[in-house]
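Chains as they are written, first to last, in the working numbering: chain H, 69 to 417; chain U, 4 to 341.
This is the structure in structure tokens:
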């Protein structure tokens, strides 16, 4: 039995690794990705908004816990995000940019998430994992809690995408495997929703392909194509559609059998919003397998976030954030348990 | 008088459609693809050389008529709606699926894909990244002049604010055709726009901004500041275009000659806000109140989105549509249809 703290560390490490691995593949087609890398398995650079916004969401939970409200979240945007935007708001998605514009106009939630056009963006789904960590084994509470955050910046399917991911992570934190995590995601959204329909389609496609297909090249290519056919919107140039990204990410978890590297590498091979797909797949499988489930060579590449998207979180490391969300026995007054990255690398050599 | 106002709604939409700058881009679809490629390359040249002389749609070795002032996408989709209004809506759209030559908004293109995959309404309009756009609001003008509910049509391609935009346009056009009153038309639209939706909130913000500015042209900067989404890349959101149309209709007292030019000045929304504004004010004032030169330039469809409509006279079509769907001949009173 993997301890909750270990699952929390695996979850956020997996999220950060999936984000970083997928970043160069974002908005590429699967065939472009194949031509350039074959299978993209090695992290090339840093993570993006997925990791930094997840760190920010975790800080809200640490402060407000289960009492978190949309008003708390809106206040945090006003006090911690907006003042540090001195020029362009770099590295933010449409939903966050639209929310900041709405807040600047003096609007309050839920209008802040309704008045911009990108309510369905995956901006909440990409940062939903901390809510699942915070509610191990309780998908319903994780979904309720992430919605408090989501109401500020999303609406409709964007909120549902966050609920689905938080629920899947909460289930994984409680020991669920891939199928059970997907069931938890489905339990957190109405059956009559785009998210539920896409999750069911993606699950059916993976089930029809067989569990080992994600690892075999030709079969994996066929699965990629079938998943695109099932859930990808053809006539729209932006790829951050939550019902699409969440379905592709959880399909990757199923296709990879819940194993971190297999799931995340397959997830980013799908292209589209590859960094967010990788981040979600990494978070869910990292929670399933714990810190040691994340390949060591990936973990080595994850340092403190730079704050390039959210200056307020600069310098935070996801492992410290995980320890705050789900303290291990040693955290009861003791120092954080993050190994010294330099020491780790030295030992590796 | 109502037949006159029905023709005013259709002609007004076409005039507004023609008045917005994107009409020339849509109409350029009638030219050879290489001319549009050259346009894109000239755009890149302007960017590279930092010259502010921006390229415009042009007709090198091709007929210039498509680039004259004239109607484009919105007038054609309204005409298509009038022509197919007797067909169950999913069937009418399904007949378009797979036709590579037609052009449509993202909501419509996605809905056609959904229908092909067996995703029926309302999911076809809901499971749609542009469920919020105003494609159904444009088509709702056909339902509004008849006093009919546009929901079945709107749900094929839209949901949420996109559906509410259609309901609001139908309600406002219906009231304008019945009474000619801009104020009553705007009230009818507000009655179907809940305050806790983006479109309902924005409609009231836009009306306040326009009222404070005093006249339509004077309201342009205030509408831009209070309402417009300069973050997102496409300007056809019903939560923006419909509120602007309502606000400019109110501020102009239903005068198309004041309202449509103001809508065309909001460049982000110029693809459809002038058309919606033209439909509302055209319905208020009737065909005779629209400048004849604009009617003459805007009544013949170009076929830039639906090629089979090239050459169709929208005013004649409106007469046939009204006669067939109401059982009354054109030009006579159709009071009571609302």
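Even glycine gets a Cβ: it sits at the ideal position worked out from N, Cα and C.
- The residue from H/295, H/310, H/385, H/172 with its alpha-carbon nearest to that of residue 334 of chain H is H/295.
- By the neighbour-count definition (other C-beta atoms within 10 Å, threshold 16), residue 119 of chain U is an exposed residue.
- Residue 180 of chain U and residue 282 of chain U have their C-alpha atoms some 10 Å from each other.
- Shown here, residue 189 of chain H sits in a strand according to DSSP, grouped into three states.
- In this structure, DSSP gives residue 256 of chain U a state outside helix and strand, which the three-state scheme calls coil.
- Residue burial is scored here from C-beta neighbours: residue 67 of chain U has fewer than 16 other C-beta atoms within 10 angstroms and is therefore classed as exposed.
- In summary, the residues of the region 275-305 of chain H whose CB is separated from some CB of chain U by less than 7 Å are 301, 302, 303, 304, in the order they occur in the chain.
- Restricting attention to alpha helix (DSSP H) runs no shorter than 4 residues, the region 82-141 of chain U encloses them at 92-97, 109-119, 126-129, ordered along the chain.
- With its beta carbon at least 8 Å from every one in chain H, residue 246 of chain U lies outside the interface.
- Listed by position along chain H, the residues whose Cβ is nearer than 7 Å to that of residue 240 of chain U are 185.
- Residue burial annotation: residue 221 of chain H is buried, with at least 16 other C-beta atoms found within 10 angstroms of its C-beta.
- For a Cβ distance threshold of 8 Å, residue set 262 of chain H lies close to residue 129 of chain U, ordered along the chain.
- From the beta-carbon of residue 161 of chain U, no residue of chain H is found nearer than 8 Å; the closest lies around 13 Å away.
- The Cβ atoms of residue 266 of chain H and residue 305 of chain H do not sit closer than 8 Å to each other.
- Close to chain H, meaning a Cβ-Cβ distance shorter than 9 Å, are the following residues of the region 134-168 of chain U: 134, 135, 136, 162, 163, 164.
- In the three-state reduction of the DSSP assignment, residue 137 of chain H falls in the coil class.
- With fewer than 16 neighbouring CB atoms inside 10 Å of its own CB, residue 102 of chain U falls in the exposed class.
- DSSP, read as helix, strand or coil, puts residue 174 of chain H in coil.
- Counting other Cβ atoms within 10 Å of its Cβ, residue 152 of chain H stays below 16 and is therefore classed as exposed.
- Per the coordinates, the alpha-carbon of residue 156 of chain U lies some 29 Å from the alpha-carbon of residue 258 of chain U.
- In the DSSP secondary-structure assignment, residue 206 of chain H is not bridged to any residue.
- Close partners of residue 162 of chain H in chain U (Cβ separation under 8 Å): 234, 235.
- Residues 136, 140, 141, 144, 217 of the same chain have their beta carbon placed closer than 8 Å to that of residue 128 of chain H, with the five preceding and five following residues left out of the count.
- Put simply, the backbone Cα of residue 162 of chain H is about 22 Å away from that of residue 89 of chain H.
- In this structure, residue 91 of chain H lies away from residue 197 of chain H, with their beta-carbon atoms at least 8 Å apart.
- Proximity of the region 338-347 of chain H to the region 245-263 of chain H falls short of the contact definition, fewer than three beta-carbon pairs being nearer than 8 Å.
- Burial check for residue 40 of chain U: the Cβ neighbour count within 10 Å stays below 16, so the residue is exposed.
- No Cβ-Cβ contact shorter than 8 Å links residue 300 of chain U with residue 107 of chain U.
- With fewer than 16 neighbouring CB atoms inside 10 Å of its own CB, residue 130 of chain H falls in the exposed class.
- Taking a Cβ-Cβ threshold of 9 Å, none of the residues of chain U is close to residue 267 of chain H; the smallest such distance is about 12 Å.
- Counting only Cβ-Cβ distances below 7 Å, residue 34 of chain U has no contacts in chain H at all, with the closest Cβ about 22 Å away.
- Cα atoms of residue 286 of chain U and residue 192 of chain H: separation of roughly 43 Å, rounded to the nearest angstrom.
- Cβ proximity to chain U below 7 Å picks out 165, 166, 169 from the region 164-177 of chain H.
- Under the DSSP assignment, residue 48 of chain U falls in the alpha helix (DSSP H) whose first and last residues are 36-52.
- Chain-order list of chain U residues neighbouring residue 224 of chain H: 163, by C-beta distance under 8 Å.
- Using a CB distance cut-off of 8 Å, residue 150 of chain H does not count as an interface residue toward chain U.
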